[in-house]
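To keep things clear, I will list the structure first and then write my remarks on it.
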Amino acid sequence: MPSENLRWETLEALKNSPKGKLKYSPDWLEKGEDVLSGCVDVPSLSPLSGQILKRMSPRMLLKNCSRSSSVRDTSPGLSKEAAVCSSAPVSPRLKRSSCSPPAVSVHTEEEEEDEEEKKAEVIAEAPAVSPEAAVSPPPAVSVLSPRAMQISGCIRMCEQKHKAKAKMELSLRQEQQECLVATVANRESEQLKRFEEFMELKHRQEHQSIRDTNEKEAQESLGRQEKLREEHRHRMKILNLRLREMEQQRLREVELERQRQVEGRERHRAINAIQEEVLQLNQLLQPQQSTHAEVEHAPYITRGNQLCSQLSEVVPAAADGQFPSVEDLSVAERALQEMRSLVRSLQEAVSQAAERKRKKEQEEEEEKKRQEQLKAQQEEQKKSAALSAKEKARKEGLQTGADDSTLKWYNGLQDLANQCAQAFNDLNKAKDTQTKKLKMELQKAATTPVSQIANSSGAPLKEAFEKIDKLLSGRPVTSAGKTVSTSQHPQGLEFASYRLAEKFVKQGEEEVASNHSAAFPIGAVASGIWELHPKIGDLILAHLHKKCPYAVPHYPPMESGTSVEDYQKILGYRVDEGKVEGQDSFLKRMSGMIRLYAAIIQMRWPYSSKQGPHPHGLNNGWRWMAQILNMEPLADITATILFDFLEVCGNALMKQYRGQFWKLILIINEEYFPRIEAVTSAGQMGSVTRLKQFLETSLRTKQIPPPKSELGSAFFRS
Numbered sequence: 020m021p022s023e024n025l026r027w028e029t030l031e032a033l034k035n036s037p038k039g040k041l042k043y044s045p046d047w048l049e050k051g052e053d054v055l056s057g058c059v060d061v062p063s064l065s066p067l068s069g070q071i072l073k074r075m076s077p078r079m080l081l082k083n084c085s086r087s088s089s090v091r092d093t094s095p096g097l098s099k100e101a102a103v104c105s106s107a108p109v110s111p112r113l114k115r116s117s118c119s120p121p122a123v124s125v126h127t128e129e130e131e132e133d134e135e136e137k138k139a140e141v142i143a144e145a146p147a148v149s150p151e152a153a154v155s156p157p158p159a160v161s162v163l164s165p166r167a168m169q170i171s172g173c174i175r176m177c178e179q180k181h182k183a184k185a186k187m188e189l190s191l192r193q194e195q196q197e198c199l200v201a202t203v204a205n206r207e208s209e210q211l212k213r214f215e216e217f218m219e220l221k222h223r224q225e226h227q228s229i230r231d232t233n234e235k236e237a238q239e240s241l242g243r244q245e246k247l248r249e250e251h252r253h254r255m256k257i258l259n260l261r262l263r264e265m266e267q268q269r270l271r272e273v274e275l276e277r278q279r280q281v282e283g284r285e286r287h288r289a290i291n292a293i294q295e296e297v298l299q300l301n302q303l304l305q306p307q308q309s310t311h312a313e314v315e316h317a318p319y320i321t322r323g324n325q326l327c328s329q330l331s332e333v334v335p336a337a338a339d340g341q342f343p344s345v346e347d348l349s350v351a352e353r354a355l356q357e358m359r360s361l362v363r364s365l366q367e368a369v370s371q372a373a374e375r376k377r378k379k380e381q382e383e384e385e386e387k388k389r390q391e392q393l394k395a396q397q398e399e400q401k402k403s404a405a406l407s408a409k410e411k412a413r414k415e416g417l418q419t420g421a422d423d424s425t426l427k428w429y430n431g432l433q434d435l436a437n438q439c440a441q442a443f444n445d446l447n448k449a450k451d452t453q454t455k456k457l458k459m460e461l462q463k464a465a466t467t468p469v470s471q472i473a474n475s476s477g478a479p480l481k482e483a484f485e486k487i488d489k490l491l492s493g494r495p496v497t498s499a500g501k502t503v504s505t506s507q508h509p510q511g512l513e514f515a516s517y518r519l520a521e522k523f524v525k526q527g528e529e530e531v532a533s534n535h536s537a538a539f540p541i542g543a544v545a546s547g548i549w550e551l552h553p554k555i556g557d558l559i560l561a562h563l564h565k566k567c568p569y570a571v572p573h574y575p576p577m578e579s580g581t582s583v584e585d586y587q588k589i590l591g592y593r594v595d596e597g598k599v600e601g602q603d604s605f606l607k608r609m610s611g612m613i614r615l616y617a618a619i620i621q622m623r624w625p626y627s628s629k630q631g632p633h634p635h636g637l638n639n640g641w642r643w644m645a646q647i648l649n650m651e652p653l654a655d656i657t658a659t660i661l662f663d664f665l666e667v668c669g670n671a672l673m674k675q676y677r678g679q680f681w682k683l684i685l686i687i688n689e690e691y692f693p694r695i696e697a698v699t700s701a702g703q704m705g706s707v708t709r710l711k712q713f714l715e716t717s718l719r720t721k722q723i724p725p726p727k728s729e730l731g732s733a734f735f736r737s
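Numbering-wise (the numbering used here), the sequence shown opens with residue 20 and increments by one.
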């Protein structure tokens, strides 16, 4: 029929229309109405649709128009036939397919079949007719042909086939995933098992290692125990030997102690007998009624009482459980011999007095004749007595000044200091600013480290020593933020050496005088510098002798033409505008310098690499004491310097000279100290009392304690 042909043309037109060109998507059902939104819109007929309807059968059109119950005008520009066609009760898809204009296009057969299949799928999946359309009577004309229905069925079969294929692929994918998950789970479980086996192996290995270690330590412990047992047995043997030796030593000491006590008792009995005899002889020194008044008993009685007192000082020591020593016995024997000679001298004097008295009566007449002769004889006796006194003083070693060798040494040091001062005379008198600035920096670099020396710890002391050593070695030194070196001027080293030695002595004069504990750190640094740079030591001695001549020792005599002020300066006094400093200040300064000198001769710089002797050691201290005792004491000065020197250096001298030192102390106490008392007035007994207490304590304890401020090895490690 002609209408069937028109159907296919209509379908072709609908297929080629813009709304018929749909692209197939497997998930169009999931997207819903968004994909078909363009297809469910109300279709409109183009002007060409009228020509298609004119070709249709008029009878069919009239029949369709009579069955339609309503007419809806979709476009005002359409013709009457188009309006009738648009009012047919068909689904929206069919309306669109039947009324859309045909499009002219050229396609291949395969493309047309694909497009027809897609179009059939779209039509098959079109939404149902709305309720209003369902109420309307069914269309009288079926637009779809059997071919379209066949295509629609094919489309549905394809959809079902695709759905089945998708379900099959999905199930296959699920199976693959499940298989993969199972494989991964099996692999992970196997890896977990291997890990657990590995951890168990490690655990067993650790247990085995710990067991082996414990066994090894047990073996080593057994070995150490055996070694300790062997060492213990060896030590027990040594201890047993030492115990036997100590027992033998104890027995020997007991025997020696018994023998010492026996000898001590013998000496005690001998001293008692000597004391008894001395007391009996002392009674003979008392004046008797038959004794002539011409004999003067007072000197004999005084000396006898002194001997008795000296002997009584020895005896009480035995009463306290101690025994007199051999020296005490020798002292007692000497006292007895002197007492016997004293008694004999008194008896001879008494007999001589009696003889003179008898002769006096016979010579009274001849006395006037011999008066002139007697006067001459008396003058000769006076001269001989003076000569004998001088000869006695010379034999006893007492002098009023230093000997020739000491004076030569003293003058040589002073000449050295003067030559050094002359060597930097140009630098000292320089007027240009640069040289003056260099001189001030050198002086600060030399004196500042000495001022910083303190007895706080060893590290600052070492730092000050290194600065001084660098300066004297010509290396650059930083002082007050500026770098200076003695090599910057030809006379720089001489200037720095002179000022450094002067500063050391000044520290003793001021710092040590007010703080006695400062003598040892200053003395340690000075002795260390002296050891590395001997010229500094000579300059220190020269400055020390100039400010304190008693450190030589030297008592400068007053030469003719010398004023009193100049002589007082030579003796060490400070004279300011005609005013001489007080005696207390003078003694304090002398004490500080003597203490510094005593510290220098016994201190060694602990960080020195040299192993030689001390550059100015304890032998100079022994020489100084011997020369002091060979000179007549000076009031207030001799007692002060002797006490200060012995308090600082006595312990070191005692350790080095032992018995000889105690003999020297005994001479000071018995022979030299009375001379000091003889020249000391009542207002100057302070220093004499200190010296006396020191000597008595030392002789009683047979020990001189080390000074309290002495530096030990722990100080230099701090």
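Positions of the beta carbon are idealized from the N, C-alpha and C atoms, including for glycine.
The model shown is predicted, which means the values in this text are computed figures rather than measured ones.
Spell out the partners DSSP gives residue i in its beta bridges.
i    : result
D595 : K598
V496 : V503
Assuming residue i contacts residue j under a Cβ cut-off of 8 Å, what Cβ separation, rounded to an integer in Å, is found between them?
i    : j    : result
F539 : E729 : 6 Å
A464 : K455 : Not confirmed; about 15 Å, so no contact.
Q433 : K565 : 7 Å
I290 : P343 : 5 Å
A354 : Q381 : Not a contact, Cβ separation roughly 41 Å.
W641 : L672 : 7 Å
I687 : L714 : 6 Å
A483 : V544 : 6 Å
G477 : F692 : The Cβ separation is near 39 Å, so there is no contact.
Are the Cβ atoms of residue i and residue j separated by less than 8 Å?
i    : j    : result
E8   : H562 : This structure does not reach residue 8, given that the chain is present from 20 up to 737, and the question cannot be answered.
E530 : W624 : no
F662 : L710 : yes
M644 : L606 : no
G636 : I613 : no
I11  : M609 : Examination of residue 11 is not possible in this model, given that the chain is present from 20 through 737 alone.
M650 : Y592 : no
T699 : A654 : yes
A167 : L33  : no
R572 : I647 : Reading off the sequence shown, one finds Pro at residue 572, where the question assumed Arg. The answer is yes: Cβ separation under 8 Å.
I744 : V524 : Absent from the model: residue 744. The displayed extent of the chain is 20 to 737, so no value can be given.
I320 : Q305 : yes
M622 : S546 : yes
T505 : L457 : no
V362 : L435 : no
K481 : Y626 : yes
C668 : A617 : yes
P634 : G542 : no
G611 : A532 : yes
Y569 : M577 : no
R279 : L348 : no
V297 : L326 : yes
(request) Jot down the residue ranges of each uninterrupted alpha helix (DSSP H) in the region 644-678, minimum 4 residues, whole runs only, in chain order. (result) 656-676
(request) Spell out a yes or no on whether the region 483-503 and the region 528-538 are touching, meaning 3 or more CB-CB pairs, one atom from each, closer than 8 Å. (result) no
(message) Counting beta carbon pairs with one atom in the region 512-526 and one in the region 437-447, are three or more of them shorter than 8 Å?
(response) yes
(message) Threshold first: 3 residues or longer. Then list the beta strand (DSSP E) segments lying entirely within the region 253-290, N to C.
(response) none
(request) Just list the alpha helix (DSSP H) runs in the region 509-579, keeping only unbroken ones of 4 residues or longer that don't cross its boundaries, in chain order. (result) 511-526, 538-551, 553-566
(message) Below 8 Å, how does it come out for the region 465-472 and the region 705-724: are there three or more Cβ pairs, yes or no?
(response) no
(request) Would you be able to state if there are at least three C-beta pairs under 8 Å between the region 315-328 and the region 264-281? (result) no
(request) Counting only runs of 4+ residues fully inside the region 439-504, write out the alpha helix (DSSP H) ranges in chain order. (result) 444-447, 452-470, 477-491
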